[in-house]
Amino acid sequence: MVCGLVALASACADPPIDLRVEPPEHAYAESLIVSLDDVRHIANFEGLQPYSYADRHHPVPGNLNAPGPCRAVGSSDLTFTAGWKEFRAVAYSGTTDDLRPGGIAPINEVTHAVALYRDADAARDALTQLQSTLGQCASLHDKAYEFTLSKPDPSTLQLSSEGWSHMYRAKNTVLASVGVLGIEPTDQIAHRVLQTITERVK
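The opening residue of the sequence shown carries number 967 in the working numbering; numbering runs sequentially from there.
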């Protein structure tokens, strides 16, 4: 279950180190990333810190132990499909003093990623393909990937479940992804971070 939740932002094994190298041509994608201070303000959670594992310039493989279509949940190579020109992903995470049974600190995380495609049609096609893949995942009713899939508007997808939310939006040539885990209200926080990103899209 934990691996399924963490898959909202990342895979369950470290990526090769070269995935974290910043290519200079990814400057536009970089400009869409929301700063740590801004996300702390949106989430009303000062305990967030940069999570270096998820700081990357290529999407990594999703949870390889997940059912095939469920690898698209979060931000993975299956989420964004092939053909993107720029990519950037970051995560901010933190813990609270509210321990779970067994003394385990809950995971609190806000992640976001952006992929830039050759044109607006390619970005919309990526969102359409993602909707189909996520629908296939939802139909499996896998206990590690229980969520409600909705489409608040023609350019936005939303996954909602207890304790986490993930949203995707295509705008112009960009497909953006935002995930919130453990920080309430997850849906509202995800929406505000996503809105901040897409307002920057040219």
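Ideal Cβ positions, reconstructed from N, Cα and C, are used throughout, including at glycine.
Limits of the beta strand (DSSP E) - the one that residue i falls within
i, result
"TYR994", "Taken as a continuous stretch (DSSP letters only), TYR994 belongs to no beta strand (DSSP E), being part of the alpha helix (DSSP H) at 993–997."
"THR1047", "THR1047 -> no beta strand (DSSP E), and no H or E assigned at all."
"ALA1055", "1052–1060"
"GLU1075", "1074–1082"
Beta carbon of residue i nearer than 8 Å to that of residue j
i, j, result
"ILE1163", "PHE1011", "no"
"PHE1053", "PRO1027", "no"
"LEU1115", "GLY1101", "yes"
"ALA1170", "LEU1125", "Because residue 1170 is not part of the residues shown, which for the chain are 967 to 1168, the question remains open."
"GLY1145", "GLY1013", "no"
"ALA993", "GLY1049", "no"
"CYS1103", "PRO1151", "no"
"THR1099", "ALA1038", "yes"
"VAL1167", "LEU998", "yes"
"SER1131", "ASP1108", "no"
"PRO1117", "ARG1084", "Per the sequence shown, the amino acid found at residue 1117 is Lys instead of Pro. Their beta carbons are not under 8 Å apart, which means LYS1117 does not touch ARG1084 by this criterion."
Endpoints, alpha helix (DSSP H) assigned at residue i
i, result
"ALA1032", "Counting along the chain, ALA1032 falls outside any alpha helix (DSSP H), and DSSP gives it neither H nor E."
"HIS1007", "1002–1009"
Cβ separation of residue i and residue j, assumed to be a contact under 8 Å, to the nearest whole Å
i, j, result
"LEU1082", "THR1139", "6 Å"
"ALA1110", "MET1133", "With 8 Å as the limit, ALA1110 and MET1133 do not qualify as a contact, their Cβ atoms being about 20 Å apart."
"ASN1074", "LEU1147", "7 Å"
To test your reading of the DSSP string, which unbroken beta strand (DSSP E) runs of 3 or more residues are found completely within the stretch 1129–1156?
DSSP runs (the beta strand (DSSP E)) wholly in the stretch 1129–1156: 1130–1137 and 1140–1147.
4-residue-minimum alpha helix (DSSP H) runs that sit fully inside the stretch 1084–1136, ordered along the chain
The stretch 1084–1136 contains these whole alpha helix (DSSP H) runs: 1086–1106.
Does the stretch 1085–1102 come close enough to the stretch 1006–1025 to have 3 or more Cβ pairs within less than 8 Å?
The count of Cβ pairs closer than 8 Å, one atom from the stretch 1085–1102 and one from the stretch 1006–1025, stays below three, leaving the stretches out of contact.
Is the stretch 1114–1126 touching the stretch 1078–1085, taking contact as three or more C-beta pairs under 8 Å?
In short, these stretches do not touch, since the Cβ pair count stays below three.
Pair every Cβ in the stretch 1047–1061 with every Cβ in the stretch 1011–1021, then say whether three or more of these pairs are closer than 8 Å.
They touch, by the three-pair rule.
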